[in-house]
Each structure stands twice: as C-alpha cells, then as structure tokens.
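For the record, the sequence lines run as chains A and B. Be aware that the first sequence starts at 59, since it is given in the working numbering, and climbs by one per residue. Be aware that the second sequence starts at 11, since it is given in the working numbering, and climbs by one per residue.
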Amino acid sequence: MAGKMGWAAGAAFGMALVAAGPVEAKTIKVSPGEEGAAERLQEALIVAQPGDVVEMGAGTFTLVDGLSLDVANVTLRGAGAAEGGTVLDFSGQQGAGEGLLVTSDDVLLTDFAVINTRGDGIKSKGADRIVYYKLRVEWTGGPKETNGAYGIYPVESQDVLVDSVLVRGASDAGIYVGQSRNIIVRDSIAMENVAGIEIENSFSADVRDNLVTKNTGGILVFDLPSLPQQGGHSVRVFSNLVLGNMTPNFAPKGNIVASVPTGTGVLVMANRHVEIFDNVIEDHGTANVMIVGYRYEHKDPKYQPLPLQILVRDNLHGRAGFAPAMPGGAELAAAAGGSLPPVLWDGAGDAVVLDKVGALTLGLADLSKPQSAASPAPVDLSGGTVPPALPEIVLPASMEAKVR
Amino acid sequence: MMRRAAVLLCMASCLALMGGVAARGGDEGAASVEAARADAIAAPALPTKLSAFALFAGNDPARPRASLRYTLRTPLFSDYAHKDRFAVLPPGQRAQIAANGTIEWPVGTILVKSFGWPDHKDGHPVETRLLIHRSDGWLALPYIWDADGRDATLALGGRRIDVRFTAPDGTAHAIRYGVPNKNQCKECHSLNGTVVPIGPKAANFVAMADAAALSAWFDNPAALAPTMPRWDQPGDGSVADRARAYLDVNCAHCHNPAGSASNSGLFLRWTDPVNVNYGIEKRPTAAGRGSGGMDFAIAPGDPDRSFLLYRLDHLEAGIAMPEVGRSTVHVEGSALLREWIAQMPPSGQGGAR
Numbered sequence: 059m060a061g062k063m064g065w066a067a068g069a070a071f072g073m074a075l076v077a078a079g080p081v082e083a084k085t086i087k088v089s090p091g092e093e094g095a096a097e098r099l100q101e102a103l104i105v106a107q108p109g110d111v112v113e114m115g116a117g118t119f120t121l122v123d124g125l126s127l128d129v130a131n132v133t134l135r136g137a138g139a140a141e142g143g144t145v146l147d148f149s150g151q152q153g154a155g156e157g158l159l160v161t162s163d164d165v166l167l168t169d170f171a172v173i174n175t176r177g178d179g180i181k182s183k184g185a186d187r188i189v190y191y192k193l194r195v196e197w198t199g200g201p202k203e204t205n206g207a208y209g210i211y212p213v214e215s216q217d218v219l220v221d222s223v224l225v226r227g228a229s230d231a232g233i234y235v236g237q238s239r240n241i242i243v244r245d246s247i248a249m250e251n252v253a254g255i256e257i258e259n260s261f262s263a264d265v266r267d268n269l270v271t272k273n274t275g276g277i278l279v280f281d282l283p284s285l286p287q288q289g290g291h292s293v294r295v296f297s298n299l300v301l302g303n304m305t306p307n308f309a310p311k312g313n314i315v316a317s318v319p320t321g322t323g324v325l326v327m328a329n330r331h332v333e334i335f336d337n338v339i340e341d342h343g344t345a346n347v348m349i350v351g352y353r354y355e356h357k358d359p360k361y362q363p364l365p366l367q368i369l370v371r372d373n374l375h376g377r378a379g380f381a382p383a384m385p386g387g388a389e390l391a392a393a394a395g396g397s398l399p400p401v402l403w404d405g406a407g408d409a410v411v412l413d414k415v416g417a418l419t420l421g422l423a424d425l426s427k428p429q430s431a432a433s434p435a436p437v438d439l440s441g442g443t444v445p446p447a448l449p450e451i452v453l454p455a456s457m458e459a460k461v462r
Numbered sequence: 011m012m013r014r015a016a017v018l019l020c021m022a023s024c025l026a027l028m029g030g031v032a033a034r035g036g037d038e039g040a041a042s043v044e045a046a047r048a049d050a051i052a053a054p055a056l057p058t059k060l061s062a063f064a065l066f067a068g069n070d071p072a073r074p075r076a077s078l079r080y081t082l083r084t085p086l087f088s089d090y091a092h093k094d095r096f097a098v099l100p101p102g103q104r105a106q107i108a109a110n111g112t113i114e115w116p117v118g119t120i121l122v123k124s125f126g127w128p129d130h131k132d133g134h135p136v137e138t139r140l141l142i143h144r145s146d147g148w149l150a151l152p153y154i155w156d157a158d159g160r161d162a163t164l165a166l167g168g169r170r171i172d173v174r175f176t177a178p179d180g181t182a183h184a185i186r187y188g189v190p191n192k193n194q195c196k197e198c199h200s201l202n203g204t205v206v207p208i209g210p211k212a213a214n215f216v217a218m219a220d221a222a223a224l225s226a227w228f229d230n231p232a233a234l235a236p237t238m239p240r241w242d243q244p245g246d247g248s249v250a251d252r253a254r255a256y257l258d259v260n261c262a263h264c265h266n267p268a269g270s271a272s273n274s275g276l277f278l279r280w281t282d283p284v285n286v287n288y289g290i291e292k293r294p295t296a297a298g299r300g301s302g303g304m305d306f307a308i309a310p311g312d313p314d315r316s317f318l319l320y321r322l323d324h325l326e327a328g329i330a331m332p333e334v335g336r337s338t339v340h341v342e343g344s345a346l347l348r349e350w351i352a353q354m355p356p357s358g359q360g361g362a363r
C-alpha cells in the first residue's frame with residue numbers, strides 16, 4: 059500500500075469529486091515517499107467524503123503548511139505512532155497556527171505522530187465526538203520556550219476522547235481541553251510539558267489512568283475569565299500516576315501556565331466541584347495538590363474566581379514541598395521547618411481534604427490580597443461537607459467503538 | 011505587457027473602462043456564456059479550470075465579462091497584493107442589502123477576486139479565488155494561473171508560490187506566497203461553521219458603477235452607504251476609528267463569537283465595544299509564544315507591551331496573526347495600530363469609544 063496512491067487520491071488531480079450524493083465509503087491512501095506527498099495529503103483530506111478513511115503510509119511527511127480536515131465522520135489513520143510508523147514533520151513549517159486542524163464532527167485520528175509544529179500540534183475546534191487515539195505529539199528538542207503551545211488541543215466541542223496518546227515538550231499544555239463538555243482523557247502519557255494535562259473552562263471531564271511526569275505541573279483544572287464558556291465544573295481526576303513534575307517552567311511569560319510553580323502535582327484554580335482521588339502523587343517540590351483562586355485583576359462580572367466544592371481523597375502521597383517555587387516559597391518552607399506539606403490551599407473558596415497528609419493554608423480568603431500577604435498555617439480540611447459524588451463520564455457508543 | 015498590467019491593476023484605468031463593463035447584458039453571446047456559467051456552478055464535480063466559469067473575455071483576467079466591479083474602503087492585507095474584485099449575478103437577478111449591512115447575493119452569484127503585483131509576472135494575477143453561491147450554500151475555491159497565463163487550475167490543496175515584488179515603501183520582497191487551500195478559505199469565511207462572503211458589506215463596499223448602473227445590480231442601491239473609514243485616509247476618521255476599521259477587516263472574520271477564533275474571546279468587529287474582549291488588558295488565552303512574553307493583547311499607552319502588535323509584526327507560524335494569508339509584515343497597518351495604542355490613556359479606560 060505504501061508507495062502507491064489510491065484511486066480516490068488520484069481523482070483529486072483530475073476532477074475533484076464533491077457532494078455527488080451518498081457513495082460507498084472508501085479508503086484514500088497517501089504515501090509519504092511520493093512527489094508532492096504533502097499537497098496530496100491535504101487534497102485527500104478535502105475530497106474525502108463522510109465515512110471515508112484517509113490512510114497514510116509509513117514514513118515521514120515533510121510539511122511546510124498546516125493540514126486541515128473539515129469533513130465529518132472521516133478517519134485519518136497512519137501506520138503507527140512509534141518508530142517505523144507515520145510521522146508528520148513540521149520542522150520547516152511556514153504557515154498556520156497548528157499542524158493539523160479538525161473542524162468537523164465524528165472524526166477519528168489514530169496511529170500517527172506529529173512533530174515539531176511551530177504552533178499547536180493537533181487542534182480540533184467545534185469538532186463534536188472527536189477521538190484522539192494512539193497518537194504521538196512531540197517536540198523532539200526537549201522542553202523549550204520556542205516549542206508550540208498545546209500538543210493535543212480540542213476546544214469548543216461536545217464529547218471528546220483522548221486515549222493512549224503521548225505528548226512531550228509542549229510549552230503550554232501537553233493535552234489541553236478547553237471550553238468543551240463531556241470529556242475523557244485516559245491511558246495517556248504527558249511528559250516534559252509545562253502542564254501535562256489541562257482541563258480549562260470545561261464542564262464534565264474524567265482524567266484517569268494517565269502517567270503524568272516530568273512536567274512543570276502535572277494535571278491542571280482551571281477556569282479563566284473573559285472567555286465565551288466559563289464556570290468550569292464537574293471534573294474528576296483519578297487513578298493517575300502523577301510523578302516528579304519538576305521541569306523548570308519554560309512557558310512564554312504572560313500565559314497563565316507561566317505562573318505554575320515548578321514541582322506541582324495537581325493544581326485546581328477557580329472551578330466548582332472537582333474530585334481528586336485514587337492517584338499516586340509524589341516528588342513535587344512545591345505541592346502534590348494545590349487549590350487556589352484566580353488572583354489576577356479582571357473585569358468580568360460573570361466570572362466566578364473561587365475554587366468551590368473541591369474534594370481530595372484516597373490519594374497516595376510521596377515526597378512533596380521540599381522546594382516550593384511560588385513567590386515567597388523558600389521563606390514559607392523555612393518558617394514551616396524546612397519543607398511544606400503535600401497539600402497547599404490559598405485559603406479562598408472551600409475544599410475538603412480527606413488524605414491523611416498535612417495541609418497548609420496561606421490564609422488568603424480575599425482574592426484581592428497578593429500572595430505576599432500570606433499568613434500561612436497548618437489546616438485540617440477534613441471537616442467540610444463532602445460534595446455528592448460526580449457520575450462517571452459516558453461517551454456516545456460510536457466513540458468507544460472506534461477504540462475497541 | 012506593461013500596458014496590460016496597468017489596465018489590470020490600476021484602479022483609475024478600471025474606472026475608465028467601467029462604463030462599458032458595468033452595464034448588464036449586451037455582451038456578445040451573453041446567453042451562451044450565462045448557460046455555461048450556470049452549468050459550471052451547478053456541476054457536482056468542481057471544474058478543474060477557471061475558464062469553465064466564462065468569467066473573462068478571451069479568458070484574459072484583465073477583461074471581465076459583464077460584471078459588477080467593486081473595491082473596498084478598507085481591504086484585507088494580503089502581502090501587498092493588488093486585488094481585482096467583481097461579482098457576476100445570474101441573469102435578471104439582483105442583490106439586496108439587508109438592514110444589518112450584509113449584502114445578500116442571489117443563488118448563482120460568483121464573487122471573483124484576483125491577486126497580483128504590478129511588478130510580478132508583468133502584473134498578471136497569480137491566483138483567482140471564487141466564492142460561488144450554490145443552492146446548498148457558498149463554496150470557496152482557489153484557482154492558480156497556469157505558467158502560460160491562459161487559464162487557471164483548481165488548487166484544492168493550496169500551494170506556496172515564489173513571488174518577488176516591491177512594496178509601496180520601496181522595500182523589495184521575495185516571499186513564499188501562500189495560496190490558501192479550500193479549508194483555509196473556509197477558516198476565514200466561516201460563520202457558525204458555514205461559508206459566507208466577508209469583504210463586501212454595505213459599510214465597506216464601493217461599487218465601481220454610477221447610480222443608474224447600480225440599480226441593475228441591487229434592489230435597494232441607496233442602502234449602500236459606505237460608513238467605515240478608509241484605514242489609510244486621515245481625513246476619513248480618527249486614528250482610533252481607522253484602527254478599528256483595520257481590525258474589523260483584517261481580524262474580525264475570525265475574531266467574532268461565531269468565527270474561527272471564537273474560543274479566544276477576542277472580538278474585533280467594527281461594532282464591538284472596546285473593552286477587555288477587544289483586547290484591552292486582555293491576558294493571553296491560547297497564544298503560546300504569540301504572547302511574546304507580554305501580559306496583554308493591548309496594553310493601553312504601551313504598544314511595545316501589546317502582543318497584538320507583536321503578532322502582526324512577526325511572520326513565524328505559531329506567532330504570526332492572521333494565521334493564514336500573510337507572509338509579509340504590513341508595515342503601514344502595524345504603524346496605524348501602534349499609533350492608536352500609544353494614544354490610549356494608560357488607565358485602560360481610554361480605549362472606550
């Protein structure tokens with residue numbers, strides 16, 4: 059199959075077939091070794107009809123522009139995400155804000171790698187029921203400020219599945235789900251990004267069974283003001299391995315993740331109803347779990363800046379708090395006898411922590427107070443009202459069928 | 011050839027030609043041309059060659075057949091390309107201007123835009139883009155002119171083309187000009203996920219036809235009231251108004267609540283209030299390196315700390331805005347925005363209208 063172009067891709071050169079009514083689903087094969095492979099791949103993504111598979115052969119596609127897909131129910135499949143598979147190499151990219159952009163519903167992306175995009179890796183916007191499965195998105199030069207921002211970046215979508223992917227080197231978040239609803243991120247590896255996995259301004263998400271290591275911060279659940287969808291809520295972070303996220307923050311300044319202290323395991327900022335349970339969280343110089351309000355000035359009267367109904371239970375904690383990297387962290391640690399406890403709360407909003415480890419409050423219930431005004435003190439957060447358990451996220455059967 | 015370049019690209023010449031061109035009908039073989047064009051529009055398979063649409067006499071881009079030629083008060087910047095725009099409408103039908111200023115073109119309309127530079131290929135266009143209003147909606151297609159210049163070929167996947175030209179300030183440029191692919195056409199022309207025209211709006215539309223001729227093209231030509239200032243004509247409006255016109259035309263097709271950049275929360279339409287969602291002290295959302303290490307899209311009074319400008323002044327993918335369609339910095343446009351931001355009182359309130 060590799061080295062030979064399918065009939066449909068060939069048709070793209072003669073007469074482009076578009077909207078000719080329902081036809082039988084077909085497979086369009088594109089091989090990286092042929093003349094004009096990049097252009098042909100983009101054409102295949104344009105002439106594909108709903109139900110079609112665009113199949114990329116093994117090898118490396120060298121791309122200078124972003125790819126995009128705007129046809130519903132198309133599968134983009136490579137020959138594997140690992141060595142010897144299919145690589146979309148954007149090292150010489152000249153245009154577009156991402157490597158691959160998907161703007162249609164019911165798309166499956168699987169079995170390929172995207173490397174060294176200048177902006178984001180793979181973005182899907184308004185792409186409902188998208189499935190990211192067995193993919194690799196990587197910046198191969200290691201953590202650098204000049205790497206692209208997000209690795210896998212679904213936004214403004216209903217029903218999102220990110221499953222069995224590896225993301226490495228993003229200068230913002232490796233796996234970032236923004237302004238979406240009904241989300242699962244599972245069985246994936248995020249390493250050497252600024253944020254490993256980030257759920258932002260989103261409703262109803264399960265982040266589970268992932269390995270999140272060597273990032274600056276492991277798993278972030280954020281809500282930010284002045285965006286079309288805000289009021290993030292109902293997020294479960296469970297059964298993850300969150301280990302040694304100690305890579306010095308390399309995000310370009312100004313971005314919100316540039317403020318994430320190096321050595322943070324799980325960080326919740328301004329959300330309602332977040333459950334963090336059954337994770338292994340260890341080796342974080344700042345904190346294994348941090349819960350804070352949004353402490354920047356903003357002009358959005360509709361924005362809810364507090365963490366509310368946050369539950370932390372049944373996590374296995376390793377070493378933490380030995381090198382707190384937030385402003386004034388060293389002084390705090392010194393005052394607390396050398397290191398901080400594994401759980402850190404800024405004192406805003408409310409949280410329940412049932413883990414049998416120490417917790418520290420900064421005593422900053424008032425969000426207008428800067429961190430320098432902190433009055434840190436040990437705190438017992440086990441006495442609050444435990445919020446009702448969130449239900450498991452269930453995705454449409456059509457999505458789960460694609461990864462079975 | 012130089013004379014032809016002048017005819018194609020010089021507005022004055024176009025205006026002089028217009029008397030003959032703008033009138034409807036009277037074209038030799040008009041009926042057969044219109045029949046061929048209607049077939050091309052309705053065909054299930056997209057025509058591979060631009061000539062199928064019978065847009066030009068002798069297929070010479072300098073000689074559009076009966077059509078409504080127009081220009082825009084403030085145009086989208088496209089690497090200093092000169093653009094030749096016209097509309098062809100189905101026989102006997104006219105466009106309507108809606109109350110909100112949208113021009114409603116009848117099904118069967120083609121909006122045609124050719125891109126070229128006076129000193130590149132003797133002024134012959136590099137590409138011609140079509141927006142075709144079919145019964146199932148608008149379709150955006152890019153055609154690249156063949157090497158012999160006799161026809162143009164559909165380029166669904168887009169292409170990079172080497173272009174050399176001299177900018178108005180005398181700077182010589184050699185760029186890899188990006189002809190957008192069909193999806194990129196839609197990225198900018200998308201409203202709630204469907205393709206729509208973006209340039210021709212009543213506030214910005216200048217028909218190159220006199221009042222009498224206009225009534226052949228529009229049901230209500232009096233509603234064509236170009237109110238938006240020309241971005242580069244100080245007599246047309248304040249720096250702020252001209253900057254806002256520039257942002258509307260160059261950014262707002264994506265940066266609106268139903269556009270491709272809806273998730274950014276940055277909305278730059280002419281009608282949007284100048285507040286945090288217009289970029290005033292707005293922190294980066296998903297800008298990545300595009301933040302340039304700065305805190306705000308627009309820091310009032312401080313253009314050097316406004317990453318909106320930083321993104322316009324860069325060409326590198328991942329930093330540059332717009333994300334598609336620009337391989338050259340628009341020095342003059344950037345200077346206008348710089349002046350506007352510098353004028354704002356640093357309080358952050360001064361940007362309000």
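C-beta: ideal position from N, C-alpha, C; glycine also.
Item, Value
"If you measure between the beta carbons of Cys261/B and Pro332/B, is that distance less than 9 Å?", "yes"
"Relative to chain C, which residues along the stretch 287–299 of chain B have a C-beta separation below 8 Å, given in chain order?", "Of the protein chains in this structure, namely A and B, none is chain C."
"Going along chain A, which residues have a C-beta under 8 Å from Ser301/B?", "Pro310, Lys311, Gly312, Asn313"
"So which residues on chain B does Val122/A lean against when the C-beta distance must stay under 7 Å?", "Arg170"
"With a threshold of 16 other CB atoms inside 10 Å of the CB of Gln194/B, please say whether the residue is buried or exposed.", "buried"
"Under 9 Å between C-beta atoms, does Leu166/B make it to chain A?", "yes"
"In terms of alpha-carbon separation, which member of Ser182/A, Pro283/A, Gly351/A lies closest to Ala423/A?", "Gly351/A"
"So, at 6 Å on beta carbons, what are the nonlocal neighbours of Ala32/B in its own chain, with the 5 sequence-adjacent residues on each side left out?", "Bear in mind that the predicted position of Ala32/B carries a pLDDT of just 45, short of 50, making it too unreliable to give a figure here."
"Taking Cβ-Cβ distances shorter than 7 Å, what residues in chain B pair up with Ser430/A?", "In chain order: nothing, as chain B lies at least about 19 Å away."
"Spell out whether any CB of chain A is found under 9 Å from the CB atom of Val334/B.", "yes"
"Under three-state DSSP, which class holds His130/B?", "coil"
"Between Ala328/A and Thr163/B, what straight-line distance do the alpha-carbon atoms span, to the nearest angstrom?", "53 Å"
"By a C-beta neighbour count over all protein chains shown, 10 Å radius and 16 as the cutoff for buried, is Gln288/A buried or exposed?", "buried"
"Comparing the C-beta of Ala52/B with each C-beta of chain A, is any distance below 9 Å?", "no"
"Rounded to the nearest angstrom, what separates Val98/B and Ala53/B at their Cα positions?", "17 Å"
"Quick check on Leu453/A: does DSSP put it in helix, strand or coil?", "coil"
"If we count Cβ pairs, one from each stretch, closer than 8 Å, do we get three or more for the stretch 128–141 of chain A versus the stretch 299–311 of chain B?", "no"
"The beta strand (DSSP E) that contains Arg321/B, what's its start and end?", "Run containing Arg321/B: none in the beta strand (DSSP E); it sits in the alpha helix (DSSP H), 317–322."
"Can you list, in chain order, the residues of its chain with a C-beta nearer than 6 Å to that of His265/B? Leave out the 5 residues immediately preceding and following it.", "Ala271, Leu276, Phe277, Leu278"
"Determine, using beta carbons only, whether Ala171/A and Ala207/A come nearer to each other than 9 Å.", "no"
"Drop a sphere of 10 angstroms on the beta-carbon of Ser262/A, count the other beta-carbons inside from all chains shown, and report buried for 16 or more, exposed for fewer.", "buried"
"Quick check: the Cα distance between Ala165/B and Ala62/B, rounded to an integer number of angstroms?", "15 Å"
"Hey, out of Gly188/B, Ala48/B, Ala330/B, whose CA is closest to His366/B's CA?", "Because chain B here runs from 11 to 363, residue 366/B falls outside it and cannot be looked at."
"When the Cβ atoms of the stretch 85–98 of chain B are set against those of the stretch 323–339 of chain B, are three or more pairs found closer than 8 Å?", "yes"
"Would a C-beta distance cut-off of 9 Å place Gln100/A and Val122/A closer than the cut-off?", "no"
"Just the Cα atoms here: how many angstroms apart are Val295/A and Pro306/A?", "23 Å"
"Identify which residue in Ile173/A, Leu364/A, Phe280/A, Asn268/A has its Cα closest to the Cα of Gly236/A.", "Phe280/A"
"Please name the residue in Asp242/B, Pro101/B, Val205/B, Gly289/B whose C-alpha comes closest to that of Trp227/B.", "Pro101/B"
"Let me know if Leu325/B comes out buried or exposed under the rule of 16 or more other beta-carbons within 10 Å of its beta-carbon.", "exposed"
"Should Gly311/B be flagged as near chain A, meaning a C-beta pair shorter than 9 Å?", "no"
"Between which two residues does the beta strand (DSSP E) carrying Tyr187/B extend?", "182–189"
"Taking only the alpha-carbon atoms, compute the straight-line gap between Ala417/A and Gly168/B and give it to the nearest angstrom.", "57 Å"
"So that I know if they touch, is there some Cβ in chain B lying closer than 9 Å to that of Ser262/A?", "no"
"Which residue marks the beginning of the alpha helix (DSSP H) containing Val259/B, and which one marks its end?", "249–261"
"Give the list of continuous beta strand (DSSP E) stretches no shorter than 3 residues that lie fully inside the stretch 55–142 of chain B.", "78–82, 92–98, 120–126"
"Just to confirm, are Thr271/A and Ile247/A a CB contact at a threshold of 9 Å?", "yes"
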